[in-house]
Amino acid sequence: RAEASSALTQVREELEKVSYEIDSSVDRLQRNVARSPVDGLINKLNITTIGAVVRPSEILLEITPSDKRIVIQARSKPDDRAHLRRGLPARVRIGAYDYATYGTFGGEVTEVSSDTLTDENGGHYYRVNVEVDVSNIESRLREPGLLMPGMGASADITVGKRTILSYILSPLLKFRDGAFRAN
């Protein structure tokens, strides 16, 4: 009986050791696999060496999501900020595609930065995110995948409506309002 008890203890110790090695191997294997929280296409691969060691928080790759919405980051002059808000309709032109052939694509303002940002030339602007339906764009381009990150775009945001007459008369009204003021 003592011999069986000793053998059982030895088997349990070995089982515990093997169980630890299995857990360690599973952990190592899981750290070798990178999982994306979104479906999409790999746009940029920063690590290309097999077996390379990756530092914590290092960017491995960039993924272009394959969902049906994309975000155009536009810049707006600070003078226009008072009129911008979420939900405004926008018309987007993709610079790589001829406007006369492809026209504009519908979008909607989803975010306006709360403060101005500074560009590389020292100018100030507000960042305006405009969300566009990719399926609408790709159906007009007649081939999926022709829209790539980094392509230039412009967005015309509708902030209000004016009649043609008010548009034509506005310079005259501004002149009239300021005509008899002293500097």
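Residue numbers (the numbering used here): -2 to 180.
C-beta: ideal position from N, C-alpha, C; glycine also.
**Message:** When you compare the region 117 to 135 with the region 92 to 109, are there three or more beta-carbon pairs, one atom per stretch, that lie closer than 8 Å?
**Reply:** Contact holds: three or more Cβ-Cβ distances are below 8 Å.
**Request:** Between the Cα of Pro53 and those of Tyr96, Ser16, Arg28 and Asp116, spot the shortest distance and give me the residue it belongs to.
**Result:** Pro53 has its Cα closest to that of Arg28, out of Tyr96, Ser16, Arg28 and Asp116.
**Request:** Check each candidate in Phe102, Ser63 and Ala4 and name the one with the smallest Cα separation from Ile91.
**Result:** Checking every option, the nearest Cα to that of Ile91 belongs to Phe102.
**Message:** Looking only at its chain, what residues have a beta carbon closer than 6 Å to the beta carbon of Ser63, apart from the 5 residues adjacent to it on each side?
**Reply:** If the five residues before and after Ser63 are omitted, its C-beta is found closer than 6 Å to the C-beta atoms of Asp36 and Gly37, all from its own chain and listed in chain order.
**Asked** Near Thr115, what residues of its chain come up, given a Cβ to Cβ distance below 7 Å and the 5 sequence neighbours on each side ignored?
**Response** His121.
**Item:** 9 Å Cβ cutoff met for Leu144 and Tyr99
**Value:** Against a cut-off of 9 Å, the Cβ pair of Tyr99 and Leu144 comes out as no contact.
**Request:** Starting from Ser73, follow the beta strand (DSSP E) in both directions and report where the run begins and ends.
**Result:** Note, Ser73: beta strand (DSSP E), Arg66 to Ser73.
**Prompt:** Grouping DSSP H, G and I as helix and E and B as strand, with all else coil, what is Ser151?
**Reply:** If DSSP states are grouped into helix, strand and coil, Ser151 belongs with the strands.
**Item:** Coil, strand or helix - Arg90 by DSSP
**Value:** In the three-state DSSP reduction, Arg90 falls in the strand class (E or B).
**Message:** I'd like the list of long-range same chain contacts for His80, defined as Cβ closer than 6 Å, with 5 residues on each side in sequence excluded.
**Reply:** Result list for His80: Val156, in chain order.
**Prompt:** Cβ of Asn40 within 9 Å of Cβ of Thr6?
**Reply:** No, the pair does not count as a contact, with Cβ atoms beyond the cut-off.
**Prompt:** Where Arg66 and Thr160 are concerned, what is the direct C-alpha to C-alpha distance, given to the nearest angstrom?
**Reply:** Each residue's alpha carbon lies about 33 Å from the other.
**Asked** For Glu0, does the three-state DSSP call read helix, strand or coil?
**Response** Here Glu0 carries a helix assignment [DSSP, helix/strand/coil].
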